[in-house]
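S.K.: Each residue of the first sequence is one higher than the one before, counting from 364 in the numbering used here. The beta carbon of each residue, even a glycine, is placed where N, CA and C say it ideally should be. Sharing a structure with you now.
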Amino acid sequence: MSFPTPPLQPPPPQPTSPHPRNHPHKVSLNRPTHPRHATTHPPPSQNSSFLSLSSSRSDFSADFSGRRSTRFVSKMHFNRPRVSGTSRHSSFAEQALTEASKNGAVLDQVLLTFESKLLGSDDYTFLFRELGNKGEWLAAMRCFEFAVRRERRRNEQGKLASSMISILGRSGKVELAEKVFETAVNEGYGNTVYAYSALIGAYAKSGYCNEAIRVFETMKDSGLKPNLVTYNALIDACGKGGADFKRASEIFDEMLRNGVQPDRITFNSLLAVCSGAGLWETARGLFNEMVYRGIDQDIYTYNTFLDVACNGGQVDVAFDIMSEMHAKNILPNQVTYSTVIRGCAKAGRLDKALSLFNEMKCAGITLDRVSYNTLLAIYASLGKFDEALSVSREMESMGIKKDVVTYNALLDGFGKQGRYAKVKQLFAEMKAENLSPNLLTYSTLISVYLKGGLYQDAVEVYKEFKRQGLKADVVFYSKLIDALCKKGLVEYSSLLLNEMTKEGIQPNVVTYNSIINAFGESTSNDCGSDNVTQIVSIVPESKVVCTAEDNIIKIFEQLTAQKTANGKKTNGEKQDLLCILGVFHKMHELQIKPNVVTFSAILNACSRCSSFDEASLLLEELRLFDNQVYGVAHGLLMGQQEGVWTQALSLFNEVKQMDSSTASAFYNALTDMLWHFGQKQGAQLVVLEGKRREVWENTWSTSCLDLHLMSSGAACAMVHAWLLSIRSIVYGGHELPKILSILTGWGKHSKITGDGALKRAIEGLLTSIGAPFQIAKCNIGRFISTGAVVAAWLRESGTLEVLVLHNDRSHLGATRFGQISNLQPLPL
DNA sequence: CTAGGGTTAG
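What follows is the structure, given as structure tokens:
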């Protein structure tokens, strides 16, 4: 057995209509936002009163449910004190708080002293809320219990319990909140809408959407009628817990059916659901719906709306929204700015991000902790360490101490540049400042060390991580798996995959995409059969009896011992491609929905494969999973004319909704694959479509062609198209600019970093077509020529012929042979 | 009951 045979029976999904909804031409390219664990969901509701929103250009296809990663929980701000309107407590309550806060104070005594003066539940609520806000849970709980015990009236006890639950919930103490709730119910004062709503809110804050819904059902079963606050809390839980929009809209529908009118907060929370799910179009629909219903927008609405726009890569729209805010006199605050700035940075518009910081300062908005960390992270990720460190100094001079986020950004930045000494120094400094490294700190460090081959350091950090009692999550493991894949150590990554599964942590689409990427890199990697078998045949139950010794430590120590484990050479590319099919099946089995990144990774693997048959076979097989997406890739590869292009355009529309780097990766991968297999005209069609949709910024002017963000295949196709357009300028009787240049950059964006593949490909292309360009003396990433020389060349008789591209293959079946012809063609 | 910041795939 040399490689795992992929299962032959077709998987359940029907190629004809993967969409339950009404989009016959809709392509099911799953967008890469917020990967989640797979869970199953009920079918879409038929009687959605949200029809106007969900059936207009909806982006439901993007949303294949499940829980999202822990990052959303860690993102939440606990301990944010509540801004209360009118205070109902007496001055005695404040005195009691002062007394209780004194050093050495015994709370029980303070409570007894003030018992006669405190005026019932409002005073006690004030007291334990303040204690809770200070993080003194035990004191808050004792105070609450004291208050409940001395209170006779049931409804007052109920008030106390609801307040306590919501205070605990806001601080992330969800278990304590549960306990208070249970006790309250058992003792007969917890069976109120308020207590239930508070508990739902507590679950919401911690991202436990399913639990919130479960409690909601229990509440209805016990005969209580949910009110506006209940529904709002529940929708909030959907947003925080990563539920899909469908789920939230079902709650919304139910709310309407029960005659509860949604308010501003309802809509703000619905918008937040869109933000998590990456549903820009839906968010726009909601925003319009608010206007239609006469519900005023506030700063929350706008900030959330901006967040959705930025997450969807719609930075220009974000600017429009900001001007709308000004017009409506809803003034942007720190949240507004840090949201949009981050959006700019994500979209690669750094100049704009930095100018927004200036704008912010000019507007008199002082940078806060988040703003500073955003700025610092931008610099750190660019490797601009002087600037990053200067931001951290400015931050401290403003009285904001560096926190874990600051350090994590610095560690990541320095680590990515291989500045290990600096990494170690920062890590020590962080601990010296009494900041506890968190899960992210550890995964960053371990990944940095693995990538650098510093396995011993990786082990040390991992051991420390274990000593801290932190629990690894899917992101933690995925990061390490990716690091190992990047080192070409697929077999070690598969051990980690096994290990995480045994620990009960399900891999997600990101985990698998890392692995698929590693398969593509076949020449430098060991993609031997054994590890692949492991990857596709993970069994949930533990095979190894796990002793006190941690398996990950064993794996890392093995690495340390072997040092360079890039051993045996693979049996060839054919095997790699079929391995991908196996991985794909495995993903399907685990209900992990592949997305556009999976698609790009697979196409990249095809581009590295010399066999057309293998590539087309793989794509054809994958049509069984997703005929629309892989049908386009396969159809273009086969040179099919009719039908495919229409479908391709609809695929491109889908991609256009995604952020620029996702979109360009997609176009790069698809064009590369087509170019690689001689479908050059097809490649050019795709690349021009990408250009038309501005996937690569500023690619094209008469005097300069900037290819630095493109893959080799895309760039080659683009060069042809550009030269042809220049040719028509010449033949139109116009002058060319004095200097023409073609930028390839330094290979920074190449799939294999720093190898200059793009530059070499363009150099080869220019030579082969006889284009008179030379490498510029002052810039090795630029080819130049003069307008006159190029014009003369373009006028030569043979030039047009070399510039016009053709497909090696056209029409279905023309070049089909071998096993492929034995396969049934699938309906398109 | 509502808003922004560090992490994984390309």
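Three-state secondary structure (DSSP) at Ile1102?
M.R.: Strand.
S.K.: Which whole-angstrom value describes the C-beta separation of Phe1029 and Val946, a residue pair presumed to lie in contact below a C-beta threshold of 8 Å?
M.R.: Incorrect: roughly 20 Å between the Cβ atoms, too far for contact.
S.K.: Check this for me: beta carbons of Ser1148 and Ile1102, under 9 Å apart or not?
M.R.: Against a cut-off of 9 Å, the Cβ pair of Ile1102 and Ser1148 comes out as a contact.
S.K.: Can you check which of these residues, Pro625, Val511, Met723, Ala740, is closest to Gly657 by C-alpha distance?
M.R.: Closest option to Gly657, Cα to Cα, is Pro625.
S.K.: Since Asp1069 is in the alpha helix (DSSP H), which residue starts that stretch and which ends it?
M.R.: Looking at the DSSP string, Asp1069 is not in any alpha helix (DSSP H); the run it does join, the beta strand (DSSP E), is 1067-1069.
S.K.: Using a threshold of 9 Å, state whether the C-beta atoms of Leu833 and Leu802 are closer than that.
M.R.: Yes.
S.K.: Using 10 angstroms around the beta-carbon of Gly551, count the other beta-carbons present and answer buried if the total reaches 16, otherwise exposed.
M.R.: Classification of Gly551: exposed, given that the 10 Å Cβ count is below 16.
S.K.: Excluding the 5 residues preceding and the 5 following Ala708 in the sequence, name in chain order all residues of the same chain whose CB lies nearer than 6 Å to its CB.
M.R.: Within the same chain, Ala708 has close Cβ partners Ala716, Ile741.
S.K.: Classify Trp1063 as helix, strand or coil using the three-state DSSP reduction.
M.R.: Correct three-state label for Trp1063: strand.
S.K.: Should Leu482 and Ser453 be called a contact, given that it needs their Cβ atoms to be closer than 9 Å?
M.R.: The answer is yes: Cβ separation under 9 Å.
S.K.: Applying the criterion that 16 or more other CB atoms from any shown protein chain within 10 Å of the CB defines a buried residue, is Ala1151 buried or exposed?
M.R.: Burial call: exposed.
S.K.: For Asn1170, which of helix, strand or coil comes out of DSSP?
M.R.: In this structure, Asn1170 counts as strand in the three-state DSSP scheme.
S.K.: Can you find the residues in the same chain that come closer than 6 Å, C-beta to C-beta, to Ser1192, ignoring five residues on each side of it along the sequence?
M.R.: Since the first and last residues shown for the chain are 364 and 1191, residue 1192 lies out of range.
S.K.: Our contact map puts Phe1040 next to Leu980 with C-beta atoms below 8 Å; I'd like the distance itself, whole angstroms only.
M.R.: With 8 Å as the limit, Phe1040 and Leu980 do not qualify as a contact, their Cβ atoms being about 13 Å apart.
S.K.: Applying the criterion that 16 or more other CB atoms from any shown protein chain within 10 Å of the CB defines a buried residue, is Thr702 buried or exposed?
M.R.: With 16 or more Cβ atoms within 10 Å of its Cβ, Thr702 is classed as buried.
S.K.: Let me know if Arg986 comes out buried or exposed under the rule of 16 or more other beta-carbons within 10 Å of its beta-carbon.
M.R.: Looking at its Cβ environment, which holds 16 or more other Cβ atoms inside 10 Å, Arg986 is buried.
S.K.: Could you give the C-beta distance for Leu470 and Arg515, rounded to a whole number, given that I count them as a contact under 8 Å?
M.R.: Going by Cβ atoms, the distance from Leu470 to Arg515 rounds to 22 Å, so no, they are not a contact pair.
S.K.: Which value, in whole angstroms, describes the spacing of the CA atoms of Asp485 and Phe491?
M.R.: Each residue's alpha carbon lies about 10 Å from the other.
S.K.: Determine the contact status of Val811 and Thr923, defining contact as a CB-CB distance below 9 Å.
M.R.: It is not a contact, given that the beta carbons lie outside the stated cut-off.
S.K.: Nearest-angstrom Cα distance between Ala540 and Lys691?
M.R.: Distance between the alpha carbons of Ala540 and Lys691: 40 Å.
S.K.: For Thr664, which residues of its own chain have a beta-carbon under 6 Å away from its beta-carbon, when the five flanking residues on both sides are left out?
M.R.: Only Asn631 meet the Cβ criterion.
S.K.: Based on Cα-Cα distance, which residue from Thr581, Ala567, Gly1076, Tyr571 lies nearest to Glu545?
M.R.: Among Thr581, Ala567, Gly1076, Tyr571, the Cα nearest to that of Glu545 is on Thr581.
S.K.: List, from N- to C-terminal side, the alpha helix (DSSP H) runs of 4 residues or more that fit wholly inside the segment 727-780.
M.R.: Complete alpha helix (DSSP H) runs here, min 4: 732-744, 748-760, 767-779.
S.K.: Here's the rule I'm using: 16 or more other beta-carbon atoms within 10 Å means buried, otherwise exposed. How should Leu562 be labelled?
M.R.: When all chains shown are included, Leu562 counts as buried.
S.K.: Quick check on Gln677: buried or exposed, where buried means 16 or more other Cβ atoms within 10 Å of its Cβ?
M.R.: The residue in question, Gln677, is buried, as its Cβ has 16 or more Cβ neighbours within 10 Å.
S.K.: In its own chain, which residues sit with a C-beta less than 6 Å from the C-beta of Glu750, not counting the 5 before and 5 after it?
M.R.: Taken in chain order, the residues that qualify are Tyr742.
S.K.: Measuring CB atoms only, is the segment 530-537 touching the segment 559-577, in the sense that at least three cross pairs come out at less than 8 Å?
M.R.: These segments touch.
S.K.: Can you tell which of Ala978, Gln1004, Asn880, Pro870 has its C-alpha closest to the C-alpha of His951?
M.R.: Here the closest residue by C-alpha is Pro870.
S.K.: Under the DSSP definition of a beta bridge, which residues are partnered with Thr1149?
M.R.: Answer by DSSP bridge pairing, in chain order: Ile1102.
S.K.: Can you name the residues that DSSP bridges to Gln1042?
M.R.: Gln1042 is bridged to Asn1170.
S.K.: Looking at Trp1059: is its Cβ nearer than 9 Å to the Cβ of Trp1085?
M.R.: No. Outside cutoff.
S.K.: Answer yes if the segment 1000-1018 comes into contact with the segment 965-985, meaning at least three C-beta pairs across the two stretches below 8 Å, and no otherwise.
M.R.: Flag = yes, the segment 965-985 and the segment 1000-1018 touch.
S.K.: Beta carbon of Leu859, beta carbon of Ile943: below 9 Å?
M.R.: The answer is no: Cβ separation not under 9 Å.
S.K.: Any idea what DSSP makes of Gln1137, helix, strand or coil?
M.R.: It is a strand residue.
S.K.: Rounded C-beta distance between Val513 and Glu478? I'm assuming under 8 Å.
M.R.: Val is not the amino acid found at residue 513; the sequence shown has Arg there. The pair is a contact, with the Cβ atoms about 7 Å apart (cut-off 8 Å).
S.K.: Applying the criterion that 16 or more other CB atoms from any shown protein chain within 10 Å of the CB defines a buried residue, is Glu574 buried or exposed?
M.R.: The residue in question, Glu574, is buried, as its Cβ has 16 or more Cβ neighbours within 10 Å.
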